[in-house]
Amino acid sequence: MGAQLRVYRQKIKSAQTTKKITRAMELISASRIQKALARVSASTPYSRAITRAVSAVATYSNVEHVLTTEPEKIDRAAIVIFASDRGLAGAFNSQVLRESEELATLLRSQGKDVTYFLIGRRAVGYFTFRKRASERTWIGGTDAPQFETAQEISEALLESFLRDASDGGVDEIHVVYNRYVSMMTQTPEVVRLLPLEVVEGVEEPGENAILPLYEFEPGVEEVLDSLLPVYIESRIFNAMLQSAASKHAATQKAMKSASDNADKLITTYTRLSNNARQAEITQQISEIVGGADALSSAKN
Amino acid sequence: MASALNVSVVSADHEVFSGDATMVIARTTEGEIGILAGHEPMLAILASGQVRVTLVGGEKIVAEAADGFLSVENDTVTIVARKAELV
Numbered sequence: 008m009g010a011q012l013r014v015y016r017q018k019i020k021s022a023q024t025t026k027k028i029t030r031a032m033e034l035i036s037a038s039r040i041q042k043a044l045a046r047v048s049a050s051t052p053y054s055r056a057i058t059r060a061v062s063a064v065a066t067y068s069n070v071e072h073v074l075t076t077e078p079e080k081i082d083r084a085a086i087v088i089f090a091s092d093r094g095l096a097g098a099f100n101s102q103v104l105r106e107s108e109e110l111a112t113l114l115r116s117q118g119k120d121v122t123y124f125l126i127g128r129r130a131v132g133y134f135t136f137r138k139r140a141s142e143r144t145w146i147g148g149t150d151a152p153q154f155e156t157a158q159e160i161s162e163a164l165l166e167s168f169l170r171d172a173s174d175g176g177v178d179e180i181h182v183v184y185n186r187y188v189s190m191m192t193q194t195p196e197v198v199r200l201l202p203l204e205v206v207e208g209v210e211e212p213g214e215n216a217i218l219p220l221y222e223f224e225p226g227v228e229e230v231l232d233s234l235l236p237v238y239i240e241s242r243i244f245n246a247m248l249q250s251a252a253s254k255h256a257a258t259q260k261a262m263k264s265a266s267d268n269a270d271k272l273i274t275t276y277t278r279l280s281n282n283a284r285q286a287e288i289t290q291q292i293s294e295i296v297g298g299a300d301a302l303s304s305a306k307n
Numbered sequence: 090m091a092s093a094l095n096v097s098v099v100s101a102d103h104e105v106f107s108g109d110a111t112m113v114i115a116r117t118t119e120g121e122i123g124i125l126a127g128h129e130p131m132l133a134i135l136a137s138g139q140v141r142v143t144l145v146g147g148e149k150i151v152a153e154a155a156d157g158f159l160s161v162e163n164d165t166v167t168i169v170a171r172k173a174e175l176v
């Protein structure tokens, strides 16, 4: 076998093996998207109920709360980045990281210090590689987020929000995550988490035009005190679930294009190897013919 | 007689129960509270304990809820808890 032919055969083999792997990964993430989406929709009633409760308090009372009041001067801001633990997901991680870089530049131009909270090994790796500091990191479990992790994250965020900026705390918190739009599209989303702005889900007062007078038990402040942290928790949990679903969708898309690409490579190399084989045969024939010619002309 | 209450009990990762009921009894931090249709809008912090729901048919459902809220508006009762389970 000619050297060229052997090289092509090797390349075909390697493309075939890669294709097997990428195809398997594609199928795995395809089945995981469904599960992740089911979890997103299962947690929707909770976050909807919490959001409605929060907007009820915000609409029907005018109590100032430390989590909703804008600080006079913002010295330090925190960015929470939701990435994934594993790569091979196309632009999934790079787009949140790029988005948060842009946000950081914007915040710095406003004269704010920026600190980071990182979720997912990829984000942590990105930061350690560039030798950049981060406040806290969470690794593992981005594929199937647990509510306990969301609780832990929101506790850490609240703790640092309530601390003074001079003491290492932050005055505002932004989150950057991938929102699941469809199988094909996942858009990076930048949201300011704290101080809170409750805009979504405000119930329009229905046919009875008089606003209902809410009764709070034990009192408005106590209710807010325990409601707002829960609200933040559910926002964080939602971001984690959205990010997980997006990760699976992005992996599926990336692996599909990898498999398609492997197919294309296999076709090209098969053509080339056929060509090489044919060239080899042609060469052998012409060698034989040439040899026979030389022999018969030598006889004469 | 006012119409029935629309009750839903949700926990952080799923909806535990939803349906029509005539009465809901829950335990808030202030004490036990019973809610019938036509109750004024309310938002209360739940103390951990049982939530008892009497369905329209007279059947009773008991759920264990901890760490949550009870909200009432327009005959819709929502019990939101980090952890909630039917007993």
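The listed protein sequences derive, respectively, from chains A and B. Every position in the first sequence, counted from 1, becomes a number in our numbering once 7 is added. Every position in the second sequence, counted from 1, becomes a number in our numbering once 89 is added. Glycine included, each C-beta is placed from N, C-alpha and C at the ideal position.
(request) With 7 Å as the C-beta to C-beta threshold (strictly closer), list the residues of the stretch 149–164 of chain A near chain B in chain order. (result) Per Cβ criterion, the list reads Phe154.
(message) In the DSSP assignment, the beta strand (DSSP E) including isoleucine 180 (chain A) goes from what residue to what residue?
(response) First-last of the beta strand (DSSP E) with isoleucine 180 (chain A): 179–187.
(message) Let me see if you follow: with CB-CB separation under 8 Å, is glutamate 121 (chain B) close to chain A or not?
(response) No, no contact with chain A.
(request) For the alpha helix (DSSP H) holding arginine 242 (chain A), just list the boundary residues, first then last. (result) Its alpha helix (DSSP H) spans residues 227–306.
(request) Please list, in chain order, all residues of the same chain as threonine 144 (chain A) whose beta carbon is under 6 Å from its beta carbon, the five residues on each side excluded. (result) Within its own chain, the residues whose Cβ lies closer than 6 Å to the Cβ of threonine 144 (chain A), once the five positions on either side in sequence are excluded, are Leu125 and Val131, listed in chain order.
(message) Using only the alpha-carbon positions, how far apart do tyrosine 221 (chain A) and threonine 165 (chain B) sit?
(response) Straight through space, the alpha carbons of threonine 165 (chain B) and tyrosine 221 (chain A) are spaced by roughly 13 Å.
(request) At 8 Å on the CB atoms, spell out the chain B contacts of arginine 46 (chain A), in chain order. (result) Result: Asp102.
(request) Count the other C-beta atoms from every protein chain shown that fall within 10 angstroms of the C-beta of leucine 248 (chain A), then say buried if there are 16 or more, exposed otherwise. (result) When all chains shown are included, leucine 248 (chain A) counts as buried.
(message) Using a 10 Å radius around the Cβ and a threshold of 16 neighbouring Cβ atoms, would you call arginine 115 (chain A) buried or exposed?
(response) Exposed, by the Cβ-count rule.
(request) Measure the C-alpha to C-alpha separation of glycine 108 (chain B) and alanine 136 (chain B) and round it to an integer number of angstroms. (result) Taking the Cα positions, glycine 108 (chain B) is about 23 Å away from alanine 136 (chain B).
(message) Measuring alpha carbon to alpha carbon, tell me which residue in A:Pro195, A:Ser161 and A:Thr122 is nearest glycine 176 (chain A).
(response) Residue A:Thr122 is the option with its Cα nearest to glycine 176 (chain A).
(request) Output yes or no for whether 8 Å exceeds the beta carbon distance between isoleucine 146 (chain A) and isoleucine 243 (chain A). (result) It is not a contact, given that the beta carbons lie outside the stated cut-off.
(request) Taking proline 202 (chain A) as the query, report the chain B residues whose CB atoms sit under 7 Å from its CB, ordered along the chain. (result) Near proline 202 (chain A) there are no residues of chain B at all, since even the closest Cβ is about 21 Å away, more than 7 Å.
(request) Specify whether the stretch 220–239 of chain A and the stretch 69–79 of chain A touch according to this definition: at least 3 beta carbon pairs, one from each stretch, less than 8 Å apart. (result) Contact holds: three or more Cβ-Cβ distances are below 8 Å.
(request) Kindly confirm or deny that the stretch 19–28 of chain A and the stretch 270–284 of chain A touch, where touching means at least three C-beta pairs closer than 8 Å. (result) By the criterion of at least three beta-carbon pairs nearer than 8 Å, the stretch 19–28 of chain A is in contact with the stretch 270–284 of chain A.
(message) Under 8 Å, Cβ to Cβ, is there at least one residue of chain B near valine 14 (chain A)?
(response) For valine 14 (chain A), the answer is no, since every Cβ of chain B falls outside 8 Å of its Cβ.
(request) Assuming isoleucine 134 (chain B) and serine 62 (chain A) form a contact by the criterion Cβ under 8 Å, report the distance between their Cβ atoms to the nearest whole angstrom. (result) Taking C-beta atoms under 8 Å as the contact rule, isoleucine 134 (chain B) and serine 62 (chain A) fail to qualify, at a distance of about 17 Å.
(request) Kindly say whether tyrosine 184 (chain A), judged by its beta-carbon, lies nearer than 8 Å to any beta-carbon of chain B. (result) So no, tyrosine 184 (chain A) is outside the interface.
(message) Taking the alpha carbon of leucine 164 (chain A) as the reference point, which residue from A:Ala305, A:Val87 and A:Arg137 has its own alpha carbon closest?
(response) Of the listed residues, the one whose Cα sits closest to leucine 164 (chain A) is A:Val87.
(request) Just confirm the distance between the C-beta atoms of serine 91 (chain A) and lysine 263 (chain A), as a whole number of angstroms; I'd bet it's less than 8 Å. (result) About 18 Å; that fails the 8 Å criterion.
(request) Tell me whether glycine 132 (chain A) sits in a helix, a strand or coil according to DSSP, three-state version. (result) Judged by DSSP in its simplified three-state form, glycine 132 (chain A) adopts helix.
(request) Can you have a look at valine 105 (chain B) and say buried or exposed, based on whether 16 or more other CB atoms are within 10 angstroms of its CB? (result) Classification of valine 105 (chain B): buried, given that the 10 Å Cβ count is 16 or more.
(message) Please report the straight-line C-alpha distance between leucine 320 (chain A) and arginine 278 (chain A), rounded to a whole angstrom.
(response) As shown, chain A starts at 8 and ends at 307. That puts residue 320 (chain A) outside it, with no answer to give.
(request) Quick one: give me the first and last residue of the beta strand (DSSP E) that arginine 199 (chain A) is part of. (result) Unbroken beta strand (DSSP E) run through arginine 199 (chain A): 193–201.
(message) Just to make sure I have the definition right: I need the residues of chain A whose C-beta is within less than 9 Å of the C-beta of threonine 117 (chain B). Which are they?
(response) Listed along chain A, the residues sitting closer than 9 Å to threonine 117 (chain B) by beta-carbon distance are Glu224 and Pro225.
(request) Would you identify the three-state DSSP class for lysine 5 (chain A), choosing helix, strand or coil? (result) Any answer about residue 5 (chain A) is impossible in this case: the structure gives chain A only from 8 up to 307.
(request) Output the boundary residues of the beta strand (DSSP E) element that contains valine 105 (chain B). (result) Here the beta strand (DSSP E) through valine 105 (chain B) covers 104–117.
(message) Can you tell me whether leucine 169 (chain A) is buried or exposed? The criterion is at least 16 other CB atoms within 10 Å of its CB, across all chains shown.
(response) By the neighbour-count criterion, in which 16 or more other beta carbons inside 10 Å mark a residue as buried, leucine 169 (chain A) falls on the exposed side.
(request) Classify glutamine 11 (chain A) as helix, strand or coil using the three-state DSSP reduction. (result) It is helical.
(message) Within 8 Å of any Cβ in chain D, is that where the Cβ of valine 145 (chain B) sits?
(response) Chain labels in this structure do not include chain D; the protein chains are A and B.
(request) Please compile the residues from chain B whose C-beta is within a distance smaller than 9 Å of the C-beta of phenylalanine 244 (chain A). (result) Per Cβ cutoff of 9 Å: Ala101 and Asp102.
(message) Do alanine 155 (chain B) and alanine 126 (chain B) have their beta-carbon atoms positioned less than 8 Å apart in this structure?
(response) For alanine 126 (chain B) and alanine 155 (chain B), no; Cβs fall outside 8 Å.
(message) Can you look up isoleucine 57 (chain A) in the DSSP assignment and give me helix, strand or coil?
(response) Three-state DSSP puts isoleucine 57 (chain A) in a helix.
(request) With DSSP as the reference, please indicate the residues paired to valine 142 (chain B) in a beta bridge. (result) For valine 142 (chain B), which the question treats as bridged, DSSP gives the partners B:Val113 and B:Ile150.
(message) So, with DSSP's three-state summary, where would you put arginine 171 (chain B)?
(response) In the three-state DSSP reduction, arginine 171 (chain B) falls in the strand class (E or B).
(message) Quick check on valine 47 (chain A): does DSSP put it in helix, strand or coil?
(response) Helix.
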